[in-house]
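Per our numbering, the very first residue in the sequence shown carries number 21; after that it's consecutive.
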Amino acid sequence: GKKDFLYRDQLVSLAHREQVALYVDLDEVAEEDPELVDAVCENAKRYVRLFADAVHELLPQHKEREVVHKDVLDVYIEHRLMLEQRGRDTGETHSPQNQYPPELLRRFELYFKAPSGSKARVIRDVKADCIGKLVTVRGIVTRVTEVKPMMVVATYSCDQCGAETYQPIQSPTFMPLFMCPSQECQTNRSGGRLYLQSRGSKFIKFQELKMQEHSDQVPVGHLPRSISVAVHGENTRLAQPGDHVSITGVFLPLLRAGFRQMAQGLISETYLEAHRIVKMNKSEEDELGSGELTEDELRQITGDTPPTLPPPIAPHPLPPALLGPGEPPQLHSPVAPPASPLDVLSAGQPRSPPPTRPVPCGTFCQPPGCAEGGAADRGGTGPARG
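Structure (structure tokens):
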């Protein structure tokens, strides 16, 4: 029969630029090759590049129509590929600095889902033996930074020869290039200067999280530990401070650049490069069900109600003819009787209490009247402070 490919639909969406992130489930990979899953968990950073290269080679085969350009970088890459193809036809040679890095041509992101058999670790158990491995950590998010652009590939142009130079960036900081490394500038000794081209460079979304271990994971007498989490691309904006999350990622050391790298010595700063973020707690809207009821739910609710309501059990009031002369009895009403004019002049018009609404736990509620009194106190004539 016809073989069914699990990721064919996702590859078509990636080729048509309808999808950005591709999540590879390691449980599905284990059905074909269990040893490959062990190798991925031991050296995840390396296998991300290998899987991304394989996906990049398969994308042209799954393109069913012409893709409309979405941004300036798409047009830029297409023009550069056309120039490279013309150079190949004429037999020209290019220096390694002028070749296009694979990170610039890829317009997708690849992440791994941890195997279902792997156990989540405590933050204090993530130590030096986990460097480079795919680990899953549970905790609570304490701090979230704003989403900022992060440069992945820097593109420079020379003011003398016009050649383009590409610099892949692997760390949060980098040292820009200044001198042109092209063969023409080195032969003529023209000393061309490089200028950064922002529209030809590639940027991705970047966000940093601070995750702290749960209270039940902290031993008695110890302080809770935290870990920094670097989030890229489509994984950003998935967690907020106070969320209980389970993060799968690669545990890596934080490498310094420039003069700090020369005097770095022991590596004490580490971080977790997030591949998958799962929220463990449900929000109030999810618990209450913000969506509308379906027809089946309405039929199930209305199907149990009786067709007619039972007669009331409370006795009816007696008619006035049986009570004799006098005022008819007044039934109890929750509405307060209107105040007399004398009461209004002496005590003022009574006010009904404002309607109350349930407030989530942990929300500060200011009692009525405090805001007015505080504003009056602050605006009063107090002693001036010199």
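Glycine included, C-beta positions come from ideal geometry on N, C-alpha and C.
Backbone CA spacing between residue i and residue j [nearest angstrom]
i: P188; j: Y176; result: 11 Å
i: L274; j: E293; result: 11 Å
i: F25; j: L34; result: 15 Å
i: I267; j: R144; result: 15 Å
i: G262; j: H99; result: 46 Å
i: S136; j: D47; result: 7 Å
i: E228; j: R28; result: 32 Å
i: P196; j: L56; result: 38 Å
i: E254; j: S202; result: 36 Å
i: K168; j: H252; result: 10 Å
i: A183; j: D94; result: 20 Å
i: P80; j: M102; result: 16 Å
i: L130; j: M199; result: 34 Å
i: I247; j: K299; result: 17 Å
i: A259; j: T156; result: 16 Å
i: P64; j: T207; result: Checking the sequence shown, residue 64 turns out to be Ala, not Pro. If I take the Cα positions, the gap works out to 42 Å.
i: A134; j: G269; result: 9 Å
i: R245; j: R163; result: 14 Å
i: D53; j: A59; result: 10 Å
i: D45; j: S191; result: 27 Å
i: Q232; j: L70; result: 32 Å
i: V68; j: R296; result: 14 Å
i: T322; j: V240; result: 53 Å
i: E51; j: K230; result: 35 Å
i: S218; j: R106; result: 25 Å
i: H234; j: E104; result: 54 Å
i: P415; j: R85; result: Nothing in the structure corresponds to residue 415, since the chain is present only between 21 and 406.
i: I151; j: E289; result: 12 Å
i: E149; j: H264; result: In the sequence under discussion, the amino acid at residue 149 is Asp, which differs from the Glu named in the question. So the alpha carbons of these two residues sit roughly 25 Å apart.
i: V238; j: I160; result: 13 Å
Same chain only: Cβ atoms within 8 Å of residue i, ignoring 5 sequence neighbours per side
i: Q30; result: Q39, L42
i: F226; result: V167, K168, P169, M170, A250, V251, H252, T256
i: F194; result: M171, A174, Q187, A277
i: L308; result: Residue placement at L308 cannot be trusted, given a pLDDT of 46 that sits under 50; what the coordinates show is reported in the next sentence. None.
Contact belief for residue i with residue j at Cβ below 8 Å, rounded distance in angstroms
i: F271; j: V92; result: No, F271 and V92 are not in contact; Cβ-Cβ is about 36 Å, not under 8 Å.
i: D179; j: R213; result: 5 Å
i: K90; j: R37; result: 6 Å
i: Y186; j: Y96; result: Wrong, their Cβ atoms sit about 12 Å apart, outside the cutoff.
DSSP beta-bridge partners of residue i
i: C410; result: Lying outside 21 to 406, the shown extent of the chain, residue 410 is not represented and no answer is given.
i: S248; result: K230
i: F271; result: L292
i: V167; result: Note: V167 sits in no beta bridge, so no partner.
i: I297; result: I267
i: V173; result: P188, K222
Contacts around residue i, its chain only, beta-carbon distance under 7 Å, and the 5 residues preceding and following it disregarded
i: C61; result: K153, L154
i: R126; result: A72, H76
i: V49; result: L56, V57
i: T165; result: Q227, E228
i: R66; result: none
Contacts around residue i, its chain only, beta-carbon distance under 6 Å, and the 5 residues preceding and following it disregarded
i: L124; result: V173, K222
i: V32; result: H82
i: R158; result: A140, S266
i: E204; result: C181
Whole alpha helix (DSSP H) elements within the segment 183–246, 4-residue minimum: 203–208
In the segment 23–57, which residue ranges form an unbroken beta strand (DSSP E) of at least 3 residues, counting only runs that do not cross its ends? 41–45
Please give the ranges of any beta strand (DSSP E) in the segment 99–165, keeping only runs that are unbroken, at least 3 residues long and fully inside the region. 129–133, 154–164
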